[in-house]
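Mapped onto numbering that gives the first Met the number 0, the consecutive letters of the sequence shown carry residue numbers 0 to 139. From the three backbone atoms N, C-alpha and C, an ideal C-beta is built for every residue, glycine too. Remember, it's a predicted structure, so these values are computed and weren't measured experimentally.
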Amino acid sequence: MFTKILLASDGSDHSNRAIDEALKMVDPYKDQVHIEVVYAVDGDQSKKDVLQYGDSDTASLKRKERFQSTIEYIEDKGLGADITILHGQPAETLIEYANEGDYDCVLVGSRGRNKFQTLILGSVSHKLVKYVNHPVIVVK
0 MFTKILLASD GSDHSNRAID EALKMVDPYK DQVHIEVVYA VDGDQSKKDV LQYGDSDTAS
60 LKRKERFQST IEYIEDKGLG ADITILHGQP AETLIEYANE GDYDCVLVGS RGRNKFQTLI
120 LGSVSHKLVK YVNHPVIVVK
């Protein structure tokens with residue numbers, strides 16, 4: 000039984016599907032489950048956010064606001080949830096964070112890249128599967 004779940008999210012439709020699958024997976028014992036939604040923002044996106052919002056504090060607040068509806072959605076289904084914003088390269092940052100935590104499972108959405116794109120660009124979900132020390136579920 001998974002009761003402490005790390006959900007790697009970027010706010011995309013792929014991440015939202017992963018949330019829905021997590022909710023289905025734990026529904027029978029949802030009152031015992033806590034989901035930590037984790038978003039890793041890389042340096043380029045962080046700079047863009049600061050330029051858009053004027054300062055890093057406002058940018059951080061806006062990032063958390065972006066995921067507030069996700070947290071409310073999860074909580075409305077009867078589960079505990081919170082958001083953690085990390086800074087760094089998404090795959091490496093998420094791997095380190097997941098391996099330092101005491102999670103029963105890590106969930107991540109798949110982007111659906113073709114074989115060539117994955118070969119050239121790599122994939123966060125692929126790296127999580129390979130390097131995280133906990134069970135990892137990739138949702139297509």
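field: Bounding residues of the beta strand (DSSP E) (the contiguous stretch that carries Lys3)
entry: Working through the sequence shown from its first residue, we reach residue 3 at position 4. Run containing Lys3: 3 to 7, per the beta strand (DSSP E) assignment.
field: Closest by C-alpha distance to Leu6, when choosing among Asp43, Gln31, Gly77, Ala39
entry: What you label residue 6 is simply residue 7 of the sequence shown in a count that begins at 1. Taking only the C-alpha atoms, the option nearest Leu6 is Ala39.
Gly53, enclosing beta strand (DSSP E) - first and last residue: Residue numbering aside, residue 53 sits at position 54 when the sequence shown is read from its first letter. Going by DSSP, Gly53 is part of no beta strand (DSSP E) at all; its letter is neither H nor E.
task: Taking only runs that begin and end inside the region 19 to 102, name each unbroken alpha helix (DSSP H) of 4 or more residues, in chain order.
output: If we require 4 residues or more, the alpha helix (DSSP H) runs fully inside the region 19 to 102 come out as 42 to 52, 55 to 75, 89 to 99.
query: In angstroms, rounded to a whole number, what distance separates the CA positions of His13 and Asp19?
result: Position 14 of the sequence shown, counted from the first residue, corresponds to residue 13. Position 20 of the sequence shown, counted from the first residue, corresponds to residue 19. A direct Cα-to-Cα measurement between His13 and Asp19 gives close to 10 angstroms.
task: Could you name the residues of the same chain whose beta carbon sits closer than 8 angstroms to that of Phe115, not counting the 5 residues immediately before and after it, in chain order?
output: Residue mapping note: residue 115 aligns to position 116 of the sequence shown, counting from 1. With a pLDDT of only 46 at Phe115, under 50, the local geometry of the prediction cannot be trusted, and no value is derived from it.
task: Report yes if the CB atom of Val32 is closer than 7 angstroms to the CB atom of Thr2, and no otherwise.
output: In the sequence shown, the residue the question calls residue 32 occupies position 33. In the sequence shown, the residue the question calls residue 2 occupies position 3. Taking 7 angstroms as the cut-off, the beta carbon of Val32 is found closer than this to the beta carbon of Thr2.
- prompt: Which of the three DSSP states, helix, strand or coil, is assigned to Val135?
  reply: Mapped onto the sequence shown, residue 135 falls at position 136. Per DSSP, reduced to three states, the secondary structure at Val135 is strand.
field: Separation of Ile34 from Asn98, as counted between CA atoms
entry: Locating residue 98 in the sequence shown gives position 99, counting from the first residue. Locating residue 34 in the sequence shown gives position 35, counting from the first residue. Roughly 16 angstroms separates the two Cα atoms.
query: To the nearest angstrom, how far is it from the Cα of Ile73 to the Cα of Val138?
result: Along the sequence shown, read from residue 1 onward, the residue named residue 73 stands at position 74. Along the sequence shown, read from residue 1 onward, the residue named residue 138 stands at position 139. CA-CA distance, Ile73 to Val138, rounds to 17 angstroms.
- request: Assuming Ile84 and Ser59 form a contact by the criterion Cβ under 8 angstroms, report the distance between their Cβ atoms to the nearest whole angstrom.
  value: What you label residue 84 is simply residue 85 of the sequence shown in a count that begins at 1. What you label residue 59 is simply residue 60 of the sequence shown in a count that begins at 1. The C-beta separation of Ile84 from Ser59 comes to about 7 angstroms, placing the pair in contact by the 8 angstroms criterion.
Proximity below 7 angstroms, CB of Ile136 to CB of Leu106: Walking along the sequence shown from the start, residue 136 turns up at place 137. Walking along the sequence shown from the start, residue 106 turns up at place 107. Yes. Within cutoff.
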